[in-house]
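Please read the structure below before turning to the comments.
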Amino acid sequence: MTIAEMLSCAALLLLTLIYVFYPARAEAVQSTKTRLDYLRERKDAAFANLRDLNFEHRAGKFTPEDYVAQRNSLEAEAAGIVEQMDKLDTLNTRKEGQV
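The sequence shown: position 73 = 72 (numbering that gives the first Met the number 0), numbered continuously.
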């Protein structure tokens, strides 16, 4: 291996390391998630789980007792989330009315 080849390889290695480890100039701006956004995501997940449960029950993957227990648990979770969302909405409405 000649000196020119070794210098070429070293330069390529150096440029690769700079490219990989050099911090990006434009960092992605991460939006802040509100409590209401978080609850909306949880509600969507809970309803998706209920849909999946119903599909799997129709496919025969659950006994009737297990299905009822799981459904009741998921419905209670979804109801709790909706209740929390309503409380937050009420608080936000009161705060806007006071301003």
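Backbone N, C-alpha and C define an ideal beta-carbon position, used for all residues, glycine too.
For this session: Have a look at 59, 60, 77 and flag the residue whose alpha-carbon is nearest the alpha-carbon of residue 41.
Result: 77
For this session: Compute the distance between the beta-carbons of residue 55 and residue 61, then report whether it is under 8 Å.
Result: yes
Problem set entry | Segment limits, alpha helix (DSSP H) that includes residue 37 | 34-57
Exercise. If we ignore side chains and look at the alpha-carbon of each, how far apart do residue 82 and residue 35 end up?
Worked result: 12 Å
Problem set entry | Between the CA atoms of residue 8 and residue 14 - distance to the nearest angstrom | 10 Å
Exercise. For residue 99, does the three-state DSSP call read helix, strand or coil?
Worked result: In the structure displayed, the chain extends from 0 to 98; residue 99 sits before or after that span and is not available.
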